Amino acid sequence: MEIITRFAPSPTGFLHLGVARTALFSFLHAKSNGGKFRIRIEDTDQTRNKKESIDSILNGLNWLGVQYDSEIIYQSEKILEHKKIINQLIDNNYAYKCFHTDDEIHELKKNHKKFKSKWRDKIDHPKNTQFCVRIKSPIEGQTVIDDQIQGEVKVDNKELDDFVILRTDGSPTFLLSSAVDDFLMSVTDIIRGDDHLTNSFRQMVIFKYLSYYPKFSHMPLIHNENNEKLSKRHNALSIDDYKKKGFLPETMINYLLRLGWAFGDKEIISIDEAIENFKIEKVGKSPSKLDEKKLLFLNNFYIKNKNDDFIFNEIQNTEAFSKIKYTKEDINKIKNLISIFKERSNTLNELIENLNLINKEEFSYSKIEKEMLNNSVNLKTKLVDKLSLIEPWDDYILESIIKEIIENMNLKFKDLGQPLRLALFGTVNGPSVSKVMTIIGKELTLKKIQINWN
């Protein structure tokens, strides 16, 4: 049987990390088994739906490389089919019309721990009276889910209520619509967060009445660094936020993969490797913890291992790059400097910041940095005298001059390197000064030294 998975977001927010991981693992489970991965937009709440949310979710998946099969299903277009199934459930005595008012239900709940409708088994119904439709949940025995991640989980059926599947206003509920859509889409494997486990027990009642038995996989949630559940309602960053911050899609895929699934001891995993080796049964049962340092480490790895042309094309598409007007000469310098600065940049935005330091002529310094520059003015004088005479201006000659000054004055490299970096970059840390000086040219090098080193 062909495996079919689905990703079913509500278009009321954005694609945050937890939701993106659910989509990724559903995609991988399908593709690793030669199956299909489909998307359903659960858009029945018209008051909260946002088109920009749908666009953000779909664009985020596309950016990550999580490609779906077939057309997108919109739940709001299936309401008539949902109601048709509800009528079938009523006809088969699997559901019933309930005529209790809200006040009656409130009173019954006050006197009993569990609400029981008197209309469950009644045949005679009042006319012209508002009603909802409730499922007839089993009263005896247990409902068991053989979960592919959690193992066997079960609940006593006496704990299940006769939940509403059609509201008094005639609209199907989420529990019914979601279950029926899975049935109509022939979804074989439902993969979602373990916060849906209670819903799954209830939907199992519907599935049984439809003679439909999908497999379940309930993934543990992602926690933030404070060990709190990651939630779009509590400042969880979206995939789009990470993209704007300068993270690469390969980074995000790799990081999401490692949040709950492991391929041996491998830290670096491509999406193609994951498709080849992914097993839903190998997903851990415990919550994963967000680690920003690990995320930055991975992003730095992917940035420095990409070729310079790729990185240049990527930074051109960032908001940080578009905010500055670059000359043709600036662009040429940037292209040449990428290979030097990408090694020490954790994000594309950080890389752009580092590259922009090269054209900046004047910097603000701390008290300690000012003292370092003031106390080494004699070095500046010797360096400028030497640099002014250099022809041709190239990396080898510049490096030789710097070494000569250091050796003649019996210095350590940092004695000259740190104030020189302060003058060129505004910071004591940075890449090879001779390489940068070669690329930015003699005129700008001397100008920055004269302005900043005094």
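For what it's worth, this note's numbering labels the leading residue of the sequence shown as 104, then goes sequentially. For glycine and all other residues, C-beta sits at the position ideal for the given N, C-alpha and C. Fair warning: this is a prediction, and the values are worked out from it, not measured in the lab.
Backbone CA spacing between R524 and V536 [nearest angstrom]: 7 Å
Segment limits, beta strand (DSSP E) that includes Y199: A198 to C201
DSSP three-state assignment for F319, whether helix, strand or coil: strand
Any non-hydrogen atom of the ligand ADP within 7 Å of T125 CB: The model on display carries no ligand, and the ligand ADP is accordingly not part of it.
Beta-bridge pairing of S341 - partner residues as DSSP gives them: H119
Beta-carbon contacts of S156 that lie in its chain and below 7 Å, excluding the five residues immediately before and after: P114, T115, G116 and F117
According to DSSP, residues forming a beta bridge with Q245: D259
C-alpha gap between N532 and S289, whole angstroms: 58 Å
Of the listed residues R223, E446 and H228, nearest to P241 (C-alpha basis): R223
Limits of the beta strand (DSSP E) - the one that T108 falls within: I107 to F110
Within 8 Å, strictly: CB atoms of T125 and M322: yes
Contact check, L279 vs I189, beta carbons under 8 Å: yes
Same chain, Cβ closer than 7 Å to F218, neighbours up to 5 away in sequence not counted: I208, L211, K212 and D264
Within 8 Å, strictly: CB atoms of D284 and K181: yes
Cβ distance (whole Å) where I176 is taken to contact R151 below 8 Å: Rounded, the Cβ-Cβ distance is 19 Å, inconsistent with contact.
Distance between beta carbons of T291 and I602, contact taken as under 8 Å: Residue 602 is absent from the model: the chain starts at 104 and stops at 557.
Residue of K311, C201, E384 and H203 minimising C-alpha distance to V247: K311
Cβ-based neighbour list, E145, same chain, cut-off 6 Å, excluding 5 preceding and 5 following: A111, S113 and Q178
Where T232 falls, given that 16 or more other Cβ within 10 Å makes a residue buried: exposed
Buried versus exposed, by CB contacts within 10 Å (16 or more), F319: buried
4 or more residues per run - each alpha helix (DSSP H) lying fully within the segment 373 to 403: 374 to 380
Among G273, S274 and Y315, nearest to I293 - alpha-carbon criterion: Y315
Reduced DSSP category for K139 - H, G, I as helix; E, B as strand; rest coil: strand
Beta-carbon proximity check, K392 vs E331, cutoff 8 Å: no
Pairwise C-alpha distance: K139 and K463: 52 Å
Best match in D298, L440, E546 and L514 for proximity to E494 [C-alpha to C-alpha]: E546
Within 8 Å, strictly: CB atoms of I454 and S448: Checking the sequence shown, residue 454 turns out to be Leu, not Ile. Yes. Within cutoff.
F350 classed as buried or exposed, judged by whether at least 16 other C-beta atoms fall within 10 angstroms: buried
Own chain partners of T70 with C-beta closer than 6 Å, once the 5 adjacent residues on each side are dropped: Within the shown structure, residues of the chain are numbered from 104 to 557, placing residue 70 beyond reach of any answer.
Euclidean distance between Cα positions of D412 and S442: 10 Å
Counted within 10 angstroms of its Cβ, other Cβ atoms place G121 as buried (16 or more) or exposed: buried
Residue nearest to K517 in terms of C-alpha spacing, selected from Y358, K538, M475 and T548: M475
Within 8 Å, strictly: CB atoms of P229 and F202: yes
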